[in-house]
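Residue numbers (mature numbering (1 follows the signal peptide of the UniProt record, and there is no 0)): -24 to -1, 1 to 389.
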Amino acid sequence: MTKQATGVLATLGTLFALSAAAFAQDGEPIKMGVLEDQSGDFAVATIGKVHGIELAAEEINANGGIDGRPLELVTYDTQSDNRRYQEFMRRVLQRDKVDVVFAGFSSASREAYRPIVDQFDGLAFYNNQYEGGVCDANMIVTGAVPEQQFSTLIPYMVEKYGKNVYTIAADYNFGQISAEWVRDIVKENGGTMVGEEFIPLGVSQFSQTIQNIQKAKPDFLVTLLVGTAQASYYEQASSANVDLPMASSVNVGQGYEHKRFQPPSLANMYVTTNWIEEVDNPASKSFVEKWHKKFPDEPYINQEAENSYVAVYLYKQMVERAGSTDHDAIRKVIAEGDVCMDAPEGRVCIDPKSQHMSHTIYLAKVSEDHSISFPKVWDDIKPYWLGHVGCDLTKENPEAQYTPSDNPKKNDG
């Protein structure tokens, strides 16, 4: 038996034990597939997603399950490999017969498996910050999107630091589409892009990029780097005395680089995030406390971990209100427009048109010693853009991804 198979069976065994302890009757389990990167380049940011799902499932099972049915996790390590996502998505939908799937870190992985979910009319939660634009009734997205992150972050940075902007981004759909958003919002705010570079995943040497940035002399740098290899940029830039304010929608909130790297590598970085463990409110403190009680060795709880935890409870609400795990019944519940809950970050709701989630957005600033402060907070930022450009999943399901330059409103105009 492979190590991977053993891990899956161990996860199932743990949850069967929880179910047996919590349920007197033989309720048929609700099966949740969990496809997340527990190894490979993205694992640093994604282990917490698995833990968030496990914590929520344990709590739900201890309190009677979902409509009296235990929640059973079917977990596979996708190893930061898009081919694994495709293989395991077919497996959980066809062989394991799961009711719902929680899957994916990178946008490339999501777009690798999304056609399979559509083919088998599955239901998948994508609990990750991303570049936005997915209009697909088979997907529910709890991560933050550009109109929640860039529409707050870029105007703040332009006003505070200046109008000349340089972007470095991971060279795949996330980085490319996110950079398009940055260009548009910089232009809307009277700014100028003085440089833009796309870095292939896995690249860890940045000497030429650093020279290019120093030559361009931007007022601030937008960093959209992904994975452990690309994160090497920060210490290299610090050693080269690239003393620039930075803006990001992914760093700190995902890969907790402010904890992993020596100060002052990330000094003067500003990040728009829907939650990180430094958020100081009673609900957040309680969440962090119970998390560390179950996972005492967790190095950091990131925004994707919170998204994943919240998503399990949102799914529970949907199923209980629908009276079924039937996907059409769940979509009807979402269409009512009031699938909401109080999360560690604040109140969140699922938008019925796009099936994306509203967020409290925290502007996190990294200081010289890598401590975090929050100079600004935006409450209840809705994922409005997809609805604005013509996505309405209550009426039709295009199973598409739109961008600022390619969307129904743009194409019709």
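Beta carbons are placed, not taken as given, at the ideal position from N, Cα and C, and that holds for glycine.
Skipping 5 residues on each side, what residues in its chain have a beta carbon closer than 8 angstroms to that of Arg71?
-> Cβ-Cβ distances below 8 angstroms link Arg71 to nothing in the same chain once the five nearest sequence neighbours on each side are left out.
Taking Val228 as the reference, give the member of Ser330, Ser284, Ala340, Val179 with the closest Cα.
-> For Val228, the closest alpha carbon among the candidates Ser330, Ser284, Ala340, Val179 is that of Ala340.
By how many angstroms is the C-alpha of Glu375 removed from the C-alpha of Val315?
-> It is roughly 22 angstroms from the alpha-carbon of Val315 to the alpha-carbon of Glu375.
Taking 6 angstroms as the cut-off, does the CB of Thr248 come closer than this to any heavy atom belonging to the ligand MN?
-> Of ligands this structure carries none, so the ligand MN is not represented either.
Backbone secondary structure at Val(-17) - three-state DSSP = Because the pLDDT at Val(-17) is just 48, under 50, the model does not fix this residue reliably, and the point stays unresolved.
Do Asn250 and Gln293 have their C-beta atoms within less than 7 angstroms of each other?
-> No.
Have a look at Ser241 and Ala205 and give me their C-alpha separation to the nearest angstrom.
-> Looking at the two C-alpha atoms, the distance is approximately 15 angstroms.
DSSP state of Ala(-1) mapped onto helix, strand, coil = A caution first: Ala(-1) carries a pLDDT of 40, below 50, which makes its placement in the model unreliable, though a value can still be read off. Coil, per DSSP.
Can you grab the Cα-Cα spacing for the pair Lys68 / Tyr52, in whole Å?
-> In the sequence as presented, Lys is not what sits at residue 68; that position holds Val. CA-to-CA, the gap between Val68 and Tyr52 works out to about 9 angstroms.
On the three-state DSSP scale, how would you describe Ala21?
-> In the structure shown, Ala21 falls within a helical segment according to DSSP collapsed to helix, strand and coil.
Cα-Cα separation between Pro194 and Thr185, rounded to whole angstroms = Taking the straight line joining both Cα atoms gives about 13 angstroms.
Inter-stretch contact (C-beta, 8 angstroms, three-pair minimum) for the region 319 to 336 and the region 229 to 240 = Counting Cβ pairs under 8 angstroms, fewer than three are found: no touch.
Buried versus exposed, by CB contacts within 10 Å (16 or more), Leu369 = By the beta-carbon neighbour count (other beta carbons within 10 angstroms, threshold 16), Leu369 is buried.
Grouping DSSP H, G and I as helix and E and B as strand, with all else coil, what is Thr379?
-> Residue state, collapsed to three classes: strand.
Please name the residue or residues paired with Lys386 in a DSSP beta bridge.
-> Residue pairing for Lys386: DSSP places it in no beta bridge.
Any idea what DSSP makes of Gly89, helix, strand or coil?
-> The displayed chain sequence assigns Tyr, not Gly, to residue 89. Here Tyr89 sits in helix by DSSP.
In the structure shown, what three-state DSSP assignment does Pro272 receive?
-> Pro272 falls in the coil class under three-state DSSP.
Return yes when the Cβ of Ala79 is within less than 7 angstroms of the Cβ of Leu11, no when it is not.
-> Going by beta carbons, Leu11 and Ala79 fall inside the 7 angstroms limit.
What separation, rounded to the nearest whole angstrom, lies between the Cα atoms of Ile6 and Pro272?
-> Take the alpha-carbon of Ile6 and the one of Pro272: they are about 28 angstroms apart.
Once you ignore the five residues that flank Ser180 on each side, which residues in its own chain have a CB closer than 6 angstroms to its CB?
-> For Ser180, where only same-chain residues beyond five positions count, the Cβ hits under 6 angstroms are Ala205, Ser208.
Does DSSP put Trp267 in a helix, a strand or coil?
-> If DSSP states are grouped into helix, strand and coil, Trp267 belongs with the helices.
Whole-angstrom distance between Asn188 and Asn387, CA atom to CA atom | Cα to Cα, Asn387 sits roughly 35 angstroms from Asn188.
Comparing alpha-carbon positions, which option in Phe350, Tyr338, Val365 lies nearest Gln125?
-> Nearest Cα to Gln125 within the set Phe350, Tyr338, Val365: Tyr338.
Segment limits, alpha helix (DSSP H) that includes Ile153 | First-last of the alpha helix (DSSP H) with Ile153: 149 to 164.
Rounded Cβ spacing between Glu135 and Ala243 (contact assumed at less than 8 angstroms) = Not confirmed; about 20 angstroms, so no contact.
Is it buried or exposed for Gln95, if we count other Cβ within 10 angstroms and need 16 for buried?
-> With fewer than 16 Cβ atoms within 10 Å of its Cβ, Gln95 is classed as exposed.
Just checking my contact of Leu200 with Ser154 at CB under 8 angstroms: how many whole Å lie between their CB atoms?
-> By a beta-carbon distance limit of 8 angstroms, Leu200 contacts Ser154. Their separation comes to about 5 angstroms.
Would a C-beta distance cut-off of 7 angstroms place Glu173 and Ile144 closer than the cut-off?
-> Taking 7 angstroms as the cut-off, the beta carbon of Glu173 is found closer than this to the beta carbon of Ile144.
Could you tell me which uninterrupted beta strand (DSSP E) segments, each at least 3 residues in length, are contained entirely in the region 157 to 222, listed from first to last along the chain?
-> Inside the region 157 to 222, DSSP marks whole beta strand (DSSP E) runs of 3 or more residues at positions 168 to 175, 196 to 200, from first to last along the chain.
Beta-carbon contacts of Pro380 that lie in its chain and below 7 angstroms, excluding the five residues immediately before and after = The residues are Glu156, Trp157, Asp160.
Comparing alpha-carbon positions, which option in Ile116, Glu30, Ser56 lies nearest Pro46?
-> Among Ile116, Glu30, Ser56, the Cα nearest to that of Pro46 is on Glu30.
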